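What follows is one structure encoded as structure tokens, with my remarks underneath.
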Amino acid sequence: MLTARRSPDNDGLDWLALLSTPRLRLATSTPGCDPSGDYTWQLFARIEARYPGLGNAMAGRAQQLVGGRDSLSVPPGEIAGAWLIRQNLADLFIGYAHYGPALATCDDLRTLTIPAPWNIRCDYQLARLRADPAALALYRFILDDVGQGYLRQAGFMPFSDAA
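Counting from 1, one number per residue, gives the positions in the sequence shown under this note's numbering.
So, in structure tokens, the structure goes:
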């Protein structure tokens, strides 16, 4: 998901046009330290494959401001993208889609979904390694309807046991 500072110059632009605008400061998480940064660089590679030069230009101007060993510390309770933009450290931030509902109520920010063909899909795994009763209870909760409901509310797709 792309979070952007609202402005008359930017409000009519789609996600790719915003990312393609050199005057807009682009912030990301740190690849190699934070999965969000890794996914963002995969996005840049996809853009580069379709639009030679564009993805590399985005990666070149992206500021790795959070998620690294020596990154800025986002205050507790703040969403990184919103905080960075409001602190005037960035105009755009690429981050997780599950922050979308919380950011949708912010008048000063705009969120844009990155379309499926471009978006990076992550497959998460769940393994139960012990027969411990507490571990089994957590495992069952995650897989039952209530646990799956919480995960969907957080932006995750429904469970699939397909390999």
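Just so it is clear, CB atoms sit at the ideal spot from N, CA and C, and this is done for glycine as well.
This one's a predicted model, so the numbers in the text were calculated from it and none came from an experiment.
#1: Please name the residue or residues paired with R110 in a DSSP beta bridge.
#2: Roughly how many angstroms lie between the CA atoms of G32 and Q64, to the nearest whole one?
#3: Please state the DSSP three-state secondary structure of A27.
#4: Quick check: what's the CA-CA separation for F141 versus R61?
#5: So, at 6 Å on beta carbons, what are the nonlocal neighbours of R25 in its own chain, with the 5 sequence-adjacent residues on each side left out?
#6: So, with DSSP's three-state summary, where would you put Q64?
#7: Does Y99 pass the burial test, meaning 16 or more other C-beta atoms within 10 Å, or should it be called exposed?
#8: Apart from the five residues on each side of it in sequence, which residues of its chain come closer than 7 Å, Cβ to Cβ, to I79?
#9: Taking C-beta to C-beta, are L151 and R5 nearer than 9 Å?
#10: Could you check if A163 is buried or exposed, using at least 16 other CB atoms within 10 Å of its CB as the buried criterion?
#11: Sort T105, S20, Y39, G147 by Cα distance to T28 and report the nearest one.
#12: For the candidate residues T111, L129, R130, G149, whose alpha-carbon lies nearest to that of W15?
So, to answer that:
#1: A4
#2: The C-alpha of Q64 is placed about 11 Å away from the C-alpha of G32.
#3: strand
#4: 43 Å
#5: So the qualifying residues of the chain are A90, D91.
#6: strand
#7: buried
#8: Y99, A102, L103
#9: no
#10: Because A163 carries a pLDDT of 48, less than 50, the predicted location of this residue cannot be relied on, and the following value inherits that uncertainty. By the 10 Å Cβ count, A163 comes out exposed.
#11: Y39
#12: T111
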